[in-house]
C-alpha cells in the first residue's frame, strides 16, 4: 500500500477522490444474464471508437475522381472516387487494414443488435417504469442515432451497394411534401449524387453522431448508477434494496473481462467472416445496380416497408405531387413507430394509472398485456423485415416474389393482432400454472398408492426462490368506470375521456389470475401433506420420498 | 480504505496479519475472503470455496489464460512483419482468404478473448460469490429539501428581477429566439436553389444514342429482337469531363429494348419507337434505383431494389411493386447516317417523384 500512498494522497488532496471511492467502489449491482445485453452495446461502441479512429487515419472522404492503381488487379485503371479508392487501399494495401475495417463493420452490426435486444429486455421486464422513463427516452434516441450512424458508416466507401442506398435515401427525401426537393439539394449540394455528400456524411459519421452517442451513453450510465440497477424478484430482494455483487472486485473483473470477450469475438469475426466486400461491388455509378441489393440488417424493416407498400398512391394537387407510396412507409411509419415507442411508458401509465416507483422487474408473463403488445410489435417488425428480404426469400425458396409481397400486405394487418391474443393467453396460462405450482407443489413423478386404493402423485413444494418469484407479481385493480352523473344528476366532467381510459384499463387487466394468498398456500399444501402422512402412518410404508417432505410444513420459506 | 462490513474487514485483516494466503487457506479451508451471506439471500458454496486444491487449479487456469493471451499478442507482432499482405491461404469452410488478415485477426481476437475469459473465470471461481445487500435511497427528496430549493430559486429569481422587469424579460426572450438565425441561415448555402434541373436531362432533338462504357453510336440492326442495350447520350462523356460529377448520368441513363412491332401494345406517344426499338429511362420512378432486370419473354423490367415491375410492351406501366408512375419513354428515330438518335428530351421528369413535379 505504501507505494501508492503518496500518489493517492496527491490526487486526494486535490480532488478528494476518497469520498467518491468510499461511496462507490463497493457499489452493489444485481446479477442476471440479460443485464449483459446493454454491456455488449457499450463494449461494441468502444470497439467502434477504437477501430474508427484507426480508419480515419487512412480513409479519404472525397468524391474527387481518381484512377485506381492499387493492388486489387480487377479494378486497376478504373475511374472511381477517392473515398472508394482509399477504402480499397485500406482493404488491400495496409497491413491489418482489412481486419480493422471488418471488425468495425461487425462491431456496428453487434452494436445495433445488442441495443435492440437490450431494448426488448427493458420493455418486456417493465424496467422503463418510474423512475426510469428518462433512461428509456435516452435509450430510444441512442437507438435512432445508432441506426443513422450505421447507415452513414456503410455508405462512406462509395461502392455500388452503398451508393444505391444513398440513391434510395435521396428518393425518400424527395418525397417529403413542400420542402423535399430543397432538403435534398441542401443535403447533396445540388442534384444527386453530386460531389459534396461523402465529405459531409463523413463529418456526421465521425464527429457529430459519435459525439452525441458518447454524451448520451454517459448520461444513460450515470442514471443507471444513480438510480441503481433494477433487479429480478427473488429471496431477500425487495423494491427497496439491491442484492448482488460489488463493483470491486467482482464486476470490475466480470465486466472488464467481458469487454475483452466482445472485442475478441468481433476480431475473430473480422478475421474469418467476410463482411461488405466492397471490391466485389465496384465503384458507385447511378446507372448500375446489382440484383439482391440488401442493406445492413437494422435497415431491413424500413426497406421492407418500402417494398410492400402498394404503388399507385401518388396524388397530384394542382402543380404539386405527393408520393404517399414513399412518404407513408419511409417517413410517416418510421416516425410513428419511434414516437410510439418513446412514449410507451406514458401510454402504459395512462392505461394502468400506475404511479408507483418500481425497482423490481416483472417477468414477462406477469404482465400479460404488455408482453402481448410487445409480441404484436415484434410480429409487425419481423414481417416488415421479411419484406426487406422478399427477393432473397423468393430466390432461395423458389416462390413468387409477388406472392410473398401480397401475403405480407395482408399479414401486416392480420398477424400482429393474432400475436397479441395468443401471447396474452399464453402469459395468463403461465400465471395460472405458477399459481398451481405454489398451491399444490410440483410433480415429482413418484406415485403413491393410498389406503383407499387411489394412486396419487407426490407433490413437492416449490423452492423458496421460485416461490419468491411467483409471489412477486403485483396485482393491480383496473380503473373503475366513472359514473355518468354525480349525486345531483350533474354530468361528470370529462366523462367520455374517463370512460375511454377505464375501458382501456379494464381490457388491460382482463383475465387476471389472482396471486395466491398466504392462507390459500397453507391450505393447499396441508391438504397434500395430509394424505401422504395418513398413508405413511396407517401402513407404515415408506412413500419413497425423504421424510422431511411431509414431516415438515410444506410451505416453509414461503411468506 | 474502508470495507463494506465487519466480516469483510476481518477477513482482509487476517490476510494482512503476516500470514500468507496459502496459510490462511490451509487454516480455514476456504478461499473465500468475502462476507457471509445476508439473511434471506440464498448462497451455496462452490468447490473452490472449500477445496484448496480446486482453488489452486482455478488460479492456474486463470494464469494460463493470461499467459496465452500474452503469447497471442506476440504472435500478432510476428504475423504483422512475417506475412506478406498479398499472400492467400486456404482455410476449410472459409476457402481462400488473406493470410495476413486471418493471422492478425486470430492473434488479436484470441488474445483479447483469453484476457476476457481469464478475468471472468477469476471472478466466478475465486472472488466471493456471496450476494450483498444495499439499501436504495429514495430518489425523491423530502419536503424540506424541496421547499428549501424552491425558496432559493425564488430568492435568485427575485434578485434577478426577471419577474417584475417586463421589458428586460421580453427583450431577452426576443434576442434568444432570434439567436439561432445566424447559426442556421448559412446552412442554406449547403446547396444551390433547385431550379428545375430535376425536370430536364441531357437528351435533346437529334442527340445520338451511344452504348454505355464504349460510347459508340448504335445502328438499329445492332440490336436483335429481344435484345437490351444500356445507353447514354453521346454528349455525356464530355459533360462528365467538364463537371466531374455523375449528376447527368443519374438522369439520362436509358435502356434500349427491341421487340417485334406487333408485340408493342402501347407507347407513351405515337411511333416513339423505331422499328420496334423502344427507349425507356433506366431510373426507377419509385426511389431512383437503376432498373436492370429485363425479362425478354414478358417484356417486364424489374427494379432490384424494391421490385417495381414495368411492362415495356405496354407503355412502361407499373404491373407490380411500390412505384406509382410508369417508366418514362424517350422518343427515338435515326439520323441521316442511320444511327439512333433522340427526338427530344423526356416528356416528363425521370426518376423519383418530388413535390414540384407537375404531373
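Chains as they are written, first to last, in the working numbering: chain A, 1 to 559; chain B, 560 to 918.
Built from N, CA and C at the ideal position, the CB exists for glycine as well.
Every value quoted in this text rests on a predicted model; they were computed, and no experiment measured them.
Using a Cβ cut-off of 7 Å, pull out every chain B residue sitting near residue 89 of chain A, in sequence order please. Those within 7 Å of residue 89 of chain A in chain B number zero; the least Cβ separation is about 11 Å.
Roughly how many angstroms lie between the CA atoms of residue 370 of chain A and residue 525 of chain A, to the nearest whole one? 32 Å
Chain-ordered residues of the stretch 857-885 of chain B with a beta carbon less than 7 Å from chain A: 863, 864, 865, 866, 867, 877, 879, 880, 881, 882, 883 and 884
Helix, strand or coil: how does DSSP classify residue 56 of chain A here? helix
Any Cβ of chain B within less than 8 Å of the Cβ of residue 65 of chain A? yes
What are the residues that DSSP puts in a beta bridge with residue 869 of chain B? B:860 and B:877
Sort B:719, B:643 and B:768 by Cα distance to residue 94 of chain A and report the nearest one. B:643
If residue 875 of chain B sits next to residue 855 of chain B, beta carbons under 8 Å apart, how far is it from one beta carbon to the other, in whole angstroms? In fact, because the Cβ distance is near 16 Å, the residues do not count as touching under 8 Å.
Does the beta carbon of residue 314 of chain A sit closer than 8 Å to a beta carbon anywhere in chain B? yes
Within 8 Å (strictly less), CB to CB, does residue 712 of chain B reach chain A? no
What residue does the beta strand (DSSP E) around residue 815 of chain B start on, and which one ends it? 813-817
Taking C-beta pairs closer than 8 Å, name the residues in chain B that residue 105 of chain A reaches, listed in chain order. Near residue 105 of chain A there are no residues of chain B at all, since even the closest Cβ is about 13 Å away, more than 8 Å.
Could you check what DSSP says for residue 898 of chain B in three-state terms: helix, strand or coil? coil
Considering only residues of the stretch 724-781 of chain B, which uninterrupted alpha helix (DSSP H) runs meet the minimum length of 4 residues and lie entirely inside it, listed in chain order? 725-737 and 739-743
Quick one: is residue 762 of chain B near chain A, going by C-beta distance under 8 Å? no
Looking at residue 383 of chain A and the ligand MN, is the gap between the Cβ and the nearest heavy atom below 7 Å? Summarising the ligand content, the structure contains no ligands, and the ligand MN is consequently not present.
Which one of B:858, B:825, B:679 and B:711 has the shortest CA to CA distance from residue 536 of chain B? This structure leaves residue 536 of chain B out entirely; chain B is present only between 560 and 918.
Using beta-carbon positions only, say whether residue 434 of chain A and residue 392 of chain A come within less than 8 Å of one another. no
Rounded to whole angstroms, what is the Cα-Cα separation between residue 892 of chain B and residue 79 of chain A? 32 Å
Could you give the distance in angstroms between the alpha-carbon of residue 358 of chain A and the alpha-carbon of residue 373 of chain A? 20 Å
Since residue 660 of chain B meets chain A, which of its residues come closer than 7 Å, beta carbon to beta carbon? 98, 99 and 271
Check the DSSP bridge columns for residue 647 of chain B and list the partner residues they point to. B:657
I need the DSSP call for residue 423 of chain A, collapsed to helix, strand or coil. helix
Look at the Cβ atom of residue 231 of chain A, then the Cβ atom of residue 131 of chain A, and state whether they are nearer than 8 Å. no
Using a threshold of 8 Å, state whether the C-beta atoms of residue 289 of chain A and residue 840 of chain B are closer than that. no
With distances taken between CB atoms, is the gap from residue 304 of chain A to residue 212 of chain A smaller than 8 Å? no
With contact counted as at least three CB pairs below 8 Å, one residue from each stretch, are the stretch 189-203 of chain A and the stretch 331-346 of chain A in contact? no
Taking contact to mean 3 or more Cβ pairs, one atom from each stretch, closer than 8 Å, check whether the stretch 755-764 of chain B and the stretch 899-913 of chain B are in contact. yes
Looking at C-beta atoms only, is the number of pairs between the stretch 145-161 of chain A and the stretch 307-314 of chain A that lie closer than 8 Å three or more? no
Can you list, in chain order, the residues of its chain with a C-beta nearer than 6 Å to that of residue 561 of chain A? Leave out the 5 residues immediately preceding and following it. Residue coverage of chain A in this structure runs from 1 to 559, which leaves residue 561 of chain A outside it and unanswerable.
Decide yes or no for the touch test of the stretch 235-253 of chain A against the stretch 685-705 of chain B: beta carbon pairs closer than 8 Å, at least 3 of them. yes
Output yes if chain B places a C-beta closer than 8 Å to the C-beta of residue 170 of chain A; else output no. yes
Nearest-angstrom Cα distance between residue 167 of chain A and residue 194 of chain A? 11 Å
Opening and closing residue of the alpha helix (DSSP H) in which residue 86 of chain A lies: 82-92
Between the stretch 264-273 of chain A and the stretch 91-110 of chain A, do three or more beta carbon pairs fall short of 8 Å? yes
Could you pull out every residue in the same chain whose Cβ sits closer than 8 Å to the Cβ of residue 671 of chain B, ignoring the five residues on either side in sequence? 628
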